[in-house]
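Chains as they are written, first to last, in numbering that gives the first Met the number 0: chain E, 0 to 167; chain H, 0 to 121.
The beta-carbon is built from N, C-alpha and C at its ideal position, and this holds for glycine as well.
Note that the coordinates shown come from a computational prediction; the quantities given were computed from them, not determined experimentally.
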Amino acid sequence: MSAPLDKSYVGVINPFIRATVNAMKTMVYMEPRRTNLHIKKDNIMKGDISAIMGLTGTASGTAVLSFSERLAIKIFSNMICMKANSEPQAQGITLEVEDSMREMINLVGGGAKNEFTNSEFHFMVGIPSIISGSGHRISRDPKVPCIACDFEAEGEPFFLEISLSVGK
Amino acid sequence: MKVLVVDDSSTMRRIISNSLQSLGVPLEITEAEDGNDGFTKYMASPDFELVLSDWNMPNCNGLEFLQKVVATGKGTPVIMVTTEAEKTNVITAIKAGAKNYITKPFTPDILAGKIKQTLGLK
């Protein structure tokens, strides 16, 4: 379930969107396309695997990237240039695939953090966690809006969700 | 060339190791998963010619690791490879003795270029 996005939230999610696109282009060699921007009302993840990063500081909250299993495997393969090295593709969500998802949220959280320097949304990034399984849920502070951006890359959807507030 | 790669992400260690291949020199790469592991491996081998280290790692972070390596007085060049792009962090690392600083995300060309610059390779 989603509602139209208020313009006041754009400034919060835009640095994360830019960092996501930059990470996908630079280290995954994929061109992601934005498909939707909205406030998410439920806590059910659409992806099969989600990387979650806690954000703490002047602003606090969470950043989440959620991918389909197929896209997560492709991302891992591309990141380590598996094709060029003639290595066999990962079978399912392995520990290595999970690690690459952690690195993706690191790149996104770190990239956004740098843009928020000297702003009220300044934060420190935490060590990421992984949750996987179809229809898994991520619980957040219900008082803080979850700003969501849906993407598509190589025909597969993936999802960025930011829940960030100042002075909590 | 003997290189120590310190990063808590196995994916990032493989990306860095793959990027190093483009330098076109014989390589012996040792990987470590945090600053403590990195320093143990650094001290166990007397002849590392280059160290590449992440910043945000559990147990012993990259800055603490850098400070320990510099304190040995061996003079091995250390390059920080990190998402920490804030100017104050770059200055902190350089003041602590880092020879170069690469922000993630990076392309293999950028990484190879910074390594060549650091080591004076052509």
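Bounding residues of the beta strand (DSSP E) (the contiguous stretch that carries residue i)
i      : result
E/A22  : From DSSP, E/A22 is part of no beta strand (DSSP E) but of the alpha helix (DSSP H) over V9 to M26.
E/D149 : C145 to A152
E/M123 : F122 to V124
H/K73  : Unbroken run through H/K73: none, as it is neither H nor E.
E/E68  : Element bounds for E/E68: not the beta strand (DSSP E) but the alpha helix (DSSP H), E68 to M78.
H/I90  : Counting along the chain, H/I90 falls outside any beta strand (DSSP E), though it belongs to the alpha helix (DSSP H) covering K86 to A95.
H/S52  : L49 to S52
Per DSSP, the bridge partner or partners of residue i
i      : result
H/Y100 : H/M79
H/E27  : H/K1
E/I129 : E/A50
E/G56  : E/F122
E/L159 : E/L64 and E/C148
E/R136 : E/I43
E/V165 : E/A58
Neighbour flag for residue i against chain H, beta carbons, 7 Å
i      : result
E/R79  : One point to set straight first is that residue 79 of chain E is Ile, not Arg, in the sequence displayed. So yes, E/I79 belongs to the interface.
E/L159 : no
E/D98  : yes
E/T93  : no
E/E102 : yes
E/M0   : Its pLDDT being 46, under 50, E/M0 is placed unreliably in this model, and the coordinates cannot settle the point.
E/T116 : yes
E/L173 : Since the first residue shown for chain E is 0 and the last is 167, residue 173 of chain E is missing from the structure and cannot be characterised.
E/T25  : yes
E/N113 : yes
E/A22  : yes
E/G109 : yes
Distance CB(residue i)-CB(residue j) smaller than 7 Å
i      : j      : result
E/M44  : E/I137 : yes
E/E102 : H/T10  : yes
H/M79  : H/A95  : no
H/L3   : H/V50  : yes
E/R17  : E/F150 : no
H/G37  : H/A31  : yes
H/T102 : H/A84  : yes
E/K39  : E/C145 : yes
H/F64  : H/K1   : no
E/D41  : E/S133 : no
E/D98  : H/S8   : yes
H/I124 : H/S44  : Because chain H is modelled from 0 through 121, residue 124 of chain H falls outside the range shown and cannot be assessed.
E/A58  : E/V165 : yes
E/A152 : E/P31  : yes
Residue span of the alpha helix (DSSP H) that contains residue i, given as start and end
i      : result
H/T205 : In the structure displayed, chain H extends from 0 to 121; residue 205 of chain H sits before or after that span and is not available.
H/S8   : That residue, H/S8, is in no alpha helix (DSSP H); it is neither H nor E in DSSP.
H/F38  : G34 to A43
H/L22  : Taken as a continuous stretch (DSSP letters only), H/L22 belongs to no alpha helix (DSSP H), as it is neither H nor E.
E/T34  : Run containing E/T34: none in the alpha helix (DSSP H); it sits in the beta strand (DSSP E), R32 to K39.
H/M56  : That residue, H/M56, is in no alpha helix (DSSP H); it is neither H nor E in DSSP.
E/N105 : L94 to E114
Minimum Cβ-Cβ distance from residue i to chain E less than 7 Å
i      : result
H/K40  : no
H/N88  : no
H/I101 : no
H/P25  : no
H/A111 : no
H/P104 : yes
H/E85  : yes
H/M11  : yes
H/T91  : no
H/N60  : no
H/S8   : yes
H/T82  : yes
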